[in-house]
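**Q** If you scroll down you'll find the structure; I have some questions about it.
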Amino acid sequence: MLNTLIIKELKNELRTKETFFSMMTLGIVLIFLFSISSSNINTKQSIAFFWITIFIISSFGLYRSYQIEKDLDAFTSILSSPVDPGLVFLSKAISFFILITSISILLSPTAFFFLKIQLNNLFVIMMLSFGTNMFLSLLGNIICSMTLRSKNNEMIIPILLFPFSIPILLSIIKVTQSISDGSTFITYSNWIFLIIASNILFLVIGIWSYNDIIKE
7 MLNTLIIKEL
17 KNELRTKETF
27 FSMMTLGIVL
37 IFLFSISSSN
47 INTKQSIAFF
57 WITIFIISSF
67 GLYRSYQIEK
77 DLDAFTSILS
87 SPVDPGLVFL
97 SKAISFFILI
107 TSISILLSPT
117 AFFFLKIQLN
127 NLFVIMMLSF
137 GTNMFLSLLG
147 NIICSMTLRS
157 KNNEMIIPIL
167 LFPFSIPILL
177 SIIKVTQSIS
187 DGSTFITYSN
197 WIFLIIASNI
207 LFLVIGIWSY
217 NDIIKE
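In the numbering used here, the protein residues as written are 7 to 222.
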């Protein structure tokens, strides 16, 4: 059942391709603007700029995805469906995780070129990127569901998303910078544990409360 729901969500995202290409375009523009904002940009600043870009386009992508759901009145169907709302939440989180991870990978060469990012241990950074993207997907879907019926949800989503995301944004920036500097694992291990704990927390909250959230 979960696989079917995930495939359905991905098909909905890719049917128009509007969300995907809008996020890609916004990401490239932001990276380019960051690159020309300073002539003496260093690796630590470049890493911070890249992750800020990912967080910004995630907010935009979440809004676009849920706006389509809102226009189609999809949540009325969910409420009347026998499918467990927790599975619906998981399918939405996983499908958006796949979307934002794909975009992150496609944006990486652009970031390396314009921001001149040079990293060591790309495998570890990629694994942590997955954790960060999953956090954005979990938290973002909770917030978007809460604000779905609001008239100004395009403003409310980033207002709620960014404050809750700041600890994870700082964590992934610090970890990436530490790995780039060749620091030992113990130096940045607390940041990794914070990313893992945050994923577990919002996974439980989302599965447990999604039914009540979409009813409100």
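Ideal placement from N, C-alpha and C gives every residue a C-beta, glycine not left out.
Take N139 and list the residues in its own chain whose beta-carbon comes closer than 6 Å to its own, dropping the five residues that flank it on each side.
**A** The count along the sequence shown starts at 1 and reaches residue 139 at position 133. In its chain, beyond the 5 residues on either side, F103, I106, T107 have a beta carbon closer than 6 Å to the beta carbon of N139.
**Q** Note the first and the last residue of the continuous alpha helix (DSSP H) segment covering Q124.
**A** As a first step, residue 124 must be located in the sequence shown, where it is residue number 118. From DSSP, Q124 is part of no alpha helix (DSSP H); its letter is neither H nor E.
**Q** I need the boundaries of the alpha helix (DSSP H) containing I162, first residue and last residue.
**A** To locate residue 162, count along the sequence shown from 1; it is residue 156. DSSP places I162 in the uninterrupted alpha helix (DSSP H) bounded by 159-187.
**Q** Just how far apart, CA to CA, sit D218 and G92?
**A** Here residue 218 refers to the residue found at position 212 of the sequence shown. Here residue 92 refers to the residue found at position 86 of the sequence shown. C-alpha separation (whole angstroms): 10 Å.
**Q** Do the region 65-72 and the region 22-34 touch if we need at least three Cβ pairs shorter than 8 Å?
**A** yes
**Q** Distance, Cα to Cα, F40 vs F61?
**A** Numbered from its first residue, the sequence shown carries residue 40 at position 34. Numbered from its first residue, the sequence shown carries residue 61 at position 55. Distance from the CA atom of F40 to the CA atom of F61, rounded to whole angstroms, is 14 Å.
**Q** Can you tell me which of I12, G33, L16, I201 puts its alpha carbon nearest to the alpha carbon of T116?
**A** The residue labelled residue 116 in the question sits at position 110 within the sequence shown. It is G33.
**Q** For the alpha helix (DSSP H) that T25 lies in, which residues bound it at each end?
**A** On the sequence shown, position 19 is the one that residue 25 refers to. Counting along the chain, the alpha helix (DSSP H) containing T25 begins and ends at 24-43.
**Q** Is there contact between the region 160-167 and the region 187-201, where contact requires at least three CB pairs shorter than 8 Å?
**A** Contact between the region 160-167 and the region 187-201 is absent: fewer than 3 CB-CB pairs across the two stretches fall below 8 Å.
**Q** Where does the unbroken alpha helix (DSSP H) through N147 begin, and where does it stop?
**A** Within the sequence shown, the letter at position 141 stands for residue 147. 128-152 is the extent of the alpha helix (DSSP H) around N147.
**Q** Out of N158, G137, I148, L121, point me to the one whose CA is closest to I53's CA.
**A** Counting from 1 along the sequence shown, the entry for residue 53 is found at position 47. Checking every option, the nearest Cα to that of I53 belongs to L121.
**Q** Since I131 and I185 are thought to touch, with beta carbons under 8 Å apart, how far apart are those beta carbons, to the nearest angstrom?
**A** What you label residue 131 is simply residue 125 of the sequence shown in a count that begins at 1. What you label residue 185 is simply residue 179 of the sequence shown in a count that begins at 1. That belief holds up - the Cβ atoms of I131 and I185 are roughly 6 Å apart, short of 8 Å.
**Q** Would you decide whether N205 is buried or exposed? Buried here means 16 or more other CB atoms lie within 10 Å of its CB.
**A** Mapped onto the sequence shown, residue 205 falls at position 199. Classification of N205: buried, given that the 10 Å Cβ count is 16 or more.
**Q** Out of K14, M30, Y72, point me to the one whose CA is closest to R155's CA.
**A** The residue given as residue 155 occupies position 149 in the sequence shown. Cα-wise, what sits closest to R155 is Y72.
**Q** Excluding the 5 residues preceding and the 5 following A99 in the sequence, name in chain order all residues of the same chain whose CB lies nearer than 6 Å to its CB.
**A** Start at 1 with the first residue of the sequence shown, and residue 99 comes out as number 93. Cβ neighbours of A99 beyond the five flanking positions: S143, L144, N147.
**Q** Exposed or buried, what is W57 when buried is set at 16 or more other beta-carbons lying within 10 Å of its beta-carbon?
**A** Counted from its first residue, the sequence shown places residue 57 at position 51. So W57 counts as buried.
**Q** Among the residues of its own chain, which have a CB less than 7 Å from the CB of I123, if the five just before and after it don't count?
**A** Numbered from its first residue, the sequence shown carries residue 123 at position 117. Here the set comprises T49, S52, I53, F56, A117.
**Q** Could you have a look at V210 and say whether DSSP puts it in helix, strand or coil?
**A** The sequence position of residue 210 within the sequence shown is 204, counting from 1. Of the three classes helix, strand and coil, the one that applies to V210 here is helix, per DSSP.
**Q** Going by beta-carbon coordinates alone, are I63 and I109 separated by less than 8 Å?
**A** In the sequence shown, counting from the first residue as 1, residue 63 sits at position 57. In the sequence shown, counting from the first residue as 1, residue 109 sits at position 103. For I63 and I109, yes; Cβs fall inside 8 Å.
**Q** Any idea what DSSP makes of N196, helix, strand or coil?
**A** Looking up residue 196 in the sequence shown gives position 190. Looking at N196 - three-state DSSP - the assignment turns out to be helix.
**Q** Whole angstroms is fine: what's the gap from K17's alpha carbon to C150's?
**A** Against the sequence shown, residue 17 aligns to sequence position 11. Against the sequence shown, residue 150 aligns to sequence position 144. Spanning the two alpha carbons is a distance of roughly 20 Å.
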